[in-house]
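There are 2 protein chains.
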Amino acid sequence: MGETRQRDAIDRILDEWAVQRPDLDVSALAVIGRLSRYAALVQARLDAVFAEHGLQSWEFDVLSALRRAGAPYELTPGELDRALLITSGTTTHRVQRLEARGFVTRRRDNDDRRIVRVRLTETGRAAHEATHDAHAANETRILAGLSPDERDALLGGLQALGRVLGDAAEGGA
Amino acid sequence: MGETRQRDAIDRILDEWAVQRPDLDVSALAVIGRLSRYAALVQARLDAVFAEHGLQSWEFDVLSALRRAGAPYELTPGELDRALLITSGTTTHRVQRLEARGFVTRRRDNDDRRIVRVRLTETGRAAHEATHDAHAANETRILAGLSPDERDALLGGLQALGRVLGDAAEGGA
DNA sequence: CAGACATATCTCGACGTCAAGATATTCCGC
DNA sequence: GCGGAATATCTTGACGTCGAGATATGTCTG
Numbered sequence: 002m003g004e005t006r007q008r009d010a011i012d013r014i015l016d017e018w019a020v021q022r023p024d025l026d027v028s029a030l031a032v033i034g035r036l037s038r039y040a041a042l043v044q045a046r047l048d049a050v051f052a053e054h055g056l057q058s059w060e061f062d063v064l065s066a067l068r069r070a071g072a073p074y075e076l077t078p079g080e081l082d083r084a085l086l087i088t089s090g091t092t093t094h095r096v097q098r099l100e101a102r103g104f105v106t107r108r109r110d111n112d113d114r115r116i117v118r119v120r121l122t123e124t125g126r127a128a129h130e131a132t133h134d135a136h137a138a139n140e141t142r143i144l145a146g147l148s149p150d151e152r153d154a155l156l157g158g159l160q161a162l163g164r165v166l167g168d169a170a171e172g173g174a
Numbered sequence: 002m003g004e005t006r007q008r009d010a011i012d013r014i015l016d017e018w019a020v021q022r023p024d025l026d027v028s029a030l031a032v033i034g035r036l037s038r039y040a041a042l043v044q045a046r047l048d049a050v051f052a053e054h055g056l057q058s059w060e061f062d063v064l065s066a067l068r069r070a071g072a073p074y075e076l077t078p079g080e081l082d083r084a085l086l087i088t089s090g091t092t093t094h095r096v097q098r099l100e101a102r103g104f105v106t107r108r109r110d111n112d113d114r115r116i117v118r119v120r121l122t123e124t125g126r127a128a129h130e131a132t133h134d135a136h137a138a139n140e141t142r143i144l145a146g147l148s149p150d151e152r153d154a155l156l157g158g159l160q161a162l163g164r165v166l167g168d169a170a171e172g173g174a
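Protein chains in written order, with our numbering: chain L, 2 to 174; chain V, 2 to 174.
Here's what the structure looks like:
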C-alpha cells in the first residue's frame, strides 16, 4: 500500500496530453485506451499458445463455438456470425478452410434448404481438445498476477461495461 | 441492489460450457472473453464517429500520436511502431497513405540518414482537431452509463492487468 | 580504417476481414 | 397458389496487417 503504481504506456500518453492540451478531459481515454491496448496484448499471448498447437486463433474460436454447442456439435453459418461477431463472408471463408483441414463438414438442411449445417468432425473435436487445456491454463496464468480484489474489480467493471454496451441484446443465439 | 444483473453473451457461453464440460474452470474465460469482446464492441462505436469525419481509426491513431508528441509534431516510423503496437511494414504503408492525403510529410534526418522524420502538416493537424472533440465525447458517452464505482473498478482492474502484462516495459519512447 | 554487427526503414507476398451485392429458398397476405 | 418480402448463404473486390527479408546507414572493435 501507499506504493506508487508503476506508470504504464497509457499513463505516458495521458502525460503527453496533459502537456499539449491541459484543458482536455482524458479520463475516458484512460479507460478505453487501456481496454483496447490490453485486449491486443492479451490476444498476442493467446495466439502464441494456439500457434504451438498448430492453430490460428480464428480456427480455435470456430472449433470452440461448435464444441460448446454440444452434440452433435453443429451450428449454422449465421449462428457462427453472431457468436463470433464476424460477417457472413468471413464465416464462409473460415468454414471452407476448416473443411479443407478436415475439422468440419458442411451440408444443406433438408427441411430448409437455405440453411447449412456446419458440424465438427472427430478430427476437429480432437484438435480442439488437444489445445483447450493449454489455452485455459494460459488464460489462468495471465490473470494469476492479479490479487482477488483486482480480479473482482476487473470482472465487475467489465460486466458493467457489457451492460452499457447492450451486449445482452447482441450475439444472441 | 439485489437485482440480478442481466445475463450477457459471455454468460451464455459460460452456461454452455457448464453443460458441456462442468469440470472446467471458466473463471478466466469470464474475464478475458469479456475483455476482447467488449474491446471489439467499443472499437465499432469509435469507428462510427471517425467515419462521420472521413477518417479511418488507424488514421486517427497516427495523427493523435503525432499531435500529442508536441511541436513540431514529428516522430520517426520506429517511434510510431512502438506507440501504436504495429509492425514496421504497417507503419510504412500508413505513412504513405497519410502523405497522399496531405496529412503528413516525410524526410530523411541529415544527422543519421537511416532515420525518417514523419511530421504532421497543418492539414493533418486540422483533421485531427476537427475529429478529436467528437471522438472524446463519444468515449465519454460510452462510459456515461457506468456508476462512479463501476468506472473506478474497471479502471483499477485494467491498471492491474496492465501491470501484469508488463505494459510499462513496452511501448516506451 | 576494415570488417562485423547493429539499427532504421522499406519491400513483397500472403492472409483474414469487411461491405455490398448476388443467388437460392421460404414465408406471408391475399 | 402467386408475387413480394424476408431469410440464409455465398461471391467478389478492396483493404489493412503481418512476417520475413532486403537495403542503407551507423557504430564498434581491433
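Glycine is no exception: its CB is placed at the ideal position from the N, C-alpha and C atoms.
The shortest CA-to-CA distance from Ser58 (chain V) to any of V:Arg109, V:Leu99, V:Val117, V:Ser28 is the one to V:Leu99. When Cβ-Cβ separations below 9 Å define contact, Leu36 (chain L) makes contact with chain V.
Contact between Thr93 (chain V) and Pro78 (chain V) holds: their C-beta atoms lie close to 7 Å from each other, under 8 Å. Per the C-alpha coordinates, the member of V:Leu67, V:Ser148, V:Pro73 positioned closest to Leu81 (chain V) is V:Leu67. The bridge partners DSSP lists for Val119 (chain L) are L:Leu76, L:Arg107. With respect to chain V, the C-beta atom of Ile116 (chain L) has no partner C-beta closer than 9 Å. The beta carbons of Arg38 (chain L) and Ile11 (chain L) sit closer together than 9 Å. The Cβ of Ala52 (chain V) sits no closer than 9 Å to any Cβ of chain L. Distance from Gly103 (chain V) to Thr122 (chain V) at the Cβ level is roughly 6 Å; contact confirmed, criterion being Cβ atoms closer than 8 Å. Of the candidates V:Pro73, V:Glu53, V:Leu86, V:Ala40, V:Leu86 places its Cα closest to the Cα of Asp62 (chain V). Scanning its chain for C-beta atoms nearer than 7 Å, with the 5 sequence neighbours on each side dropped, one finds around Val27 (chain L) the residues Leu15, Trp18, in chain order. Out of L:Val20, L:Arg13, L:Leu36, L:Gln44, the CA that lies nearest to the CA of Arg152 (chain V) is found in L:Leu36. Val105 (chain L) sits buried, since 16 or more C-beta atoms from the chains shown fall within 10 Å of its C-beta.
Gly158 (chain V) has a beta carbon lying within less than 9 Å of a beta carbon in chain L.
Straight-line spacing of the CA atoms in Asp134 (chain L) and Ala127 (chain V) works out to 51 Å. In the DSSP assignment, Arg152 (chain L) falls within the alpha helix (DSSP H) that extends over 149-165.
By the 16-neighbour rule on beta-carbons within 10 angstroms, Glu53 (chain V) is exposed. Proximity to Val43 (chain V) across V:Arg120, V:Asn139, V:Arg118, V:Glu75 peaks at V:Asn139, based on C-alpha coordinates. The alpha-carbon separation between Gln7 (chain V) and Arg69 (chain V) amounts to approximately 40 Å.
In chain order, Ala137, Glu140, Thr141, Ile143, Leu144 make up the part of chain L whose C-beta sits under 8 Å from the C-beta of Ala29 (chain V). Contact check for Val165 (chain V) against Leu159 (chain L) fails: the beta carbons are separated by 9 Å or more. Rounded to the nearest angstrom, the gap between the Cα atoms of Arg108 (chain V) and Arg120 (chain V) is 8 Å. The C-beta distance from Val32 (chain V) to Leu155 (chain L) rounds to 6 Å, short enough to meet the 8 Å contact threshold.
DSSP places Gly34 (chain V) inside the alpha helix (DSSP H), whose first and last residues are 28-53. Each of L:Thr91, L:Val117, L:Asp112 was checked against the Cα of Glu60 (chain L), and the nearest Cα belongs to L:Thr91. Taking 9 Å as the CB threshold, Gln44 (chain L) lines the interface with chain V.
Where Ile14 (chain L) is concerned, the enclosing alpha helix (DSSP H) starts and stops at 10-21.
Scanning chain L for C-beta atoms nearer than 8 Å to the C-beta of Arg164 (chain V) yields Arg6, Gln7, Asp9, Gly146, reported in chain order. Nearest Cα to Ala101 (chain L) within the set L:Thr124, L:Leu25, L:Arg142, L:Arg118: L:Thr124. Taking 8 Å as the upper bound on Cβ-Cβ separation, chain L lies near residues Arg68, Arg69, Ala70, Gly71 of the stretch 58-80 of chain V.
In chain V, no part has a C-beta under 8 Å from the C-beta of Asp24 (chain L); the shortest such distance is about 11 Å.
Secondary structure at Asp62 (chain L): helix, using DSSP grouped into helix, strand and coil. Here Val96 (chain V) has Pro78, Val105, Arg107, Val119 as same chain residues with Cβ atoms under 7 Å from its own Cβ, once five neighbours each way along the sequence are excluded.
Taking 9 Å as the threshold, the shortest C-beta distance from Ala131 (chain L) to chain V does not fall below it.
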